[in-house]
Ligand SMILES: Cc1cc2nc3c(=O)[nH]c(=O)nc-3n(C[C@H](O)[C@H](O)[C@H](O)COP(=O)(O)OP(=O)(O)OC[C@H]3O[C@@H](n4cnc5c(N)ncnc54)[C@H](O)[C@@H]3O)c2cc1C
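Numbering (this note's numbering), first residue to last: 16 to 391.
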């Protein structure tokens, strides 16, 4: 019988980890991959759906197409985790294993921001899909894209959102009747890369988009159409597009695995304090951004470590904390930033101006994962 590995969460991290284990070990391993959803959706597809560039059905990647030797993908909801015995209870049954990998991502804590549940957010699939019908009805007034807490997934995404909103309003001939403001709890749009931040700030300036750094939305009053910021000031809006505060899923917190909001890990090996239990992706406190490309990097490190342990030879590679983020500048222009968190004394980001190569890179990024994970 092969080693039993249970992977909780079939997102960026869980899909990549299970794929690598299957590729290297095949039937020598029994991977049980558990997710409560029936399909995977790339984070950036949410922006495409909300701005009407595509429809949800076109970007949902059903898990039934994830078929790998040695891997069972179960549609179950994780209800309890015992990291000491590596015993997982779901709505369907109990799973025991030799190695447990927690990859349940970040949840949205709507309750942390009073009033947020009464307005629109674009970070969930359902929220982005709802906005598809809302945005075409917005033709005048003040649009506020407001982030309710850091860390949040994909740091450039709120900046992309305001630039894409600008484009949509220009296309409909109503931009001069609208104002756009971005409220961000960071000092700049992409802090590890001053060059990228400079390019985004210039893009905001050119388009008359107001940027409010170092502020977070603390409450929303949908009745008065007023967003309250953490400095006590208020911002009147006609359209509010929120990014909820993020948190670790409650089931992981209840398992006693969370400290200061996230699961503490050795940032290079992704080991938790519990023997043979790893945490990867958005849920893990690695110090790197919450983004798919980083979740994948962490998955690679854990895959190589598990493969080495199961084969009884070699060593795993360490998580490098580096990755490329693509940034939609609007008008179909895509820039990119290569971020590196661990090589030097502080994080760095190398900016690449929007060009054809970046568009091709982004298309390849999505297409290659679709092919690798889902055979599509
Ligand atoms: C608008 C937006 C744009 C983005 N753009 C990019 C981008 O361009 N590039 C990039 O790299 N990243 C981007 N991201 C970020 C990226 O989507 C996430 O960082 C990435 O998905 C994290 O991977 P993960 O595996 O840690 O978690 P996830 O992909 O979130 O996967 C977690 C999985 O766990 C499952 N789950 C949770 N709780 C339970 C439970 N109790 N029981 C069973 N299953 C459960 C969920 O269903 C989910 O499938 C973007 C995100 C957003 C919101």
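Think of the CB as a built atom: it goes at the ideal place given N, C-alpha and C, for glycine as much as any other residue.
Between the C-alpha atoms of residue 217 and residue 68, what's the straight-line distance to the nearest angstrom?
-> A direct Cα-to-Cα measurement between residue 217 and residue 68 gives close to 25 Å.
Return the bridge partner residues of residue 20 from the DSSP annotation.
-> Residue 20 is bridged to 46, 114.
Per DSSP, cross-strand counterpart(s) of residue 227 = For residue 227, DSSP records a beta bridge to 198.
Would you kindly work out how many angstroms separate the C-alpha atoms of residue 200 and residue 250, rounded to a whole number?
-> If you draw a straight line from the Cα of residue 200 to the Cα of residue 250, it is about 15 Å long.
What's the C-alpha gap between residue 125 and residue 39?
-> Our two residues, residue 125 and residue 39, have alpha carbons roughly 40 Å apart in a direct line.
Pairwise C-alpha distance: residue 46 and residue 187 = Each residue's alpha carbon lies about 50 Å from the other.
Would you say residue 271 touches ligand 1, meaning its beta carbon is less than 7 Å from a heavy atom?
-> Checking the Cβ of residue 271 against ligand 1 gives no.
From this set, 65, 20, 26, which residue's C-alpha is nearest residue 43's C-alpha?
-> Considering only alpha carbons, the answer is 20.
From residue 324 to residue 102, what does the alpha carbon distance come to, in whole angstroms?
-> When rounded, the distance between both Cα atoms is 20 Å.
Using beta-carbon positions only, say whether residue 87 and residue 106 come within less than 8 Å of one another.
-> Not in contact: residue 87 and residue 106 (Cβ atoms no closer than 8 Å).
Proximity of residue 123 and residue 259 at Cβ, strictly below 8 Å | Residue 259 is positioned such that its CB atom lies closer than 8 Å to that of residue 123.
Considering only residues of the same chain and omitting the five flanking positions on each side of residue 136, which have a CB-CB separation below 8 Å?
-> Sequence-distant Cβ neighbours of residue 136 in its own chain, meaning closer than 8 Å and more than five residues away, are 123, 125, 142, 256, 257, 258, 259.
Go to residue 255, then tell me how far its beta strand (DSSP E) extends in each direction, as first and last residue.
-> Counting along the chain, the beta strand (DSSP E) containing residue 255 begins and ends at 254 to 258.
Ligand 1 heavy atom lying under 7 Å from the CB of residue 297 | Yes, the beta carbon of residue 297 sits closer than 7 Å to at least one heavy atom of ligand 1.
For residue 176, three-class secondary structure by DSSP | In this structure, residue 176 counts as helix in the three-state DSSP scheme.
Is there contact here, the segment 189 to 199 with the segment 153 to 161, by at least three beta-carbon pairs under 8 Å?
-> Cβ pair count under 8 Å is three or more, so yes.
So which of 196, 288, 128 has the shortest CA-CA distance to residue 236?
-> Nearest in C-alpha terms to residue 236, of all of 196, 288, 128, is 128.
Residue 168 beta carbon near ligand 1 (any heavy atom closer than 7 Å) | Within the cutoff, so yes.
Would residue 373 be called buried (16 or more neighbouring beta carbons within 10 Å of its own) or exposed?
-> Residue 373 comes out buried.
Can you find a heavy atom of ligand 1 that lies under 7 Å from the Cβ of residue 50?
-> Residue 50: yes, Cβ under 7 Å from ligand 1.
Of the choices 169, 391, 226, 172, whose alpha-carbon is the least far from that of residue 197?
-> Residue 197 has its Cα closest to that of 226, out of 169, 391, 226, 172.
Is there at least one non-hydrogen atom of ligand 1 closer than 7 Å to the beta-carbon of residue 138?
-> The answer is yes for residue 138.
Please specify which runs of the beta strand (DSSP E), each continuous and at least 3 residues long, are wholly inside the segment 294 to 331, giving them in chain order.
-> None, since the segment 294 to 331 contains no complete beta strand (DSSP E) of that length.
Return helix, strand or coil for residue 148, following the three-state DSSP convention.
-> Three-state DSSP puts residue 148 in a helix.
Could you tell me which residues DSSP pairs with residue 153 in its beta bridges?
-> Residue 153 pairs with nothing; no bridge assigned.
Straight-line Cα distance separating residue 204 from residue 49 = Their backbone Cα atoms lie some 35 Å apart in a straight line.
By how many angstroms is the C-alpha of residue 96 removed from the C-alpha of residue 269?
-> Cα-Cα distance, rounded: 8 Å.
Spell out the partners DSSP gives residue 274 in its beta bridges.
-> Residue pairing for residue 274: DSSP places it in a beta bridge opposite 277.
Alpha carbon to alpha carbon, how far is residue 247 from residue 306? Give it in angstroms, no decimals.
-> If you take the alpha carbons of residue 306 and residue 247, they lie about 31 Å apart.
Any non-hydrogen atom of ligand 1 closer than 7 Å to residue 39 Cβ = No, Cβ of residue 39 sits at least 7 Å from all heavy atoms of ligand 1.
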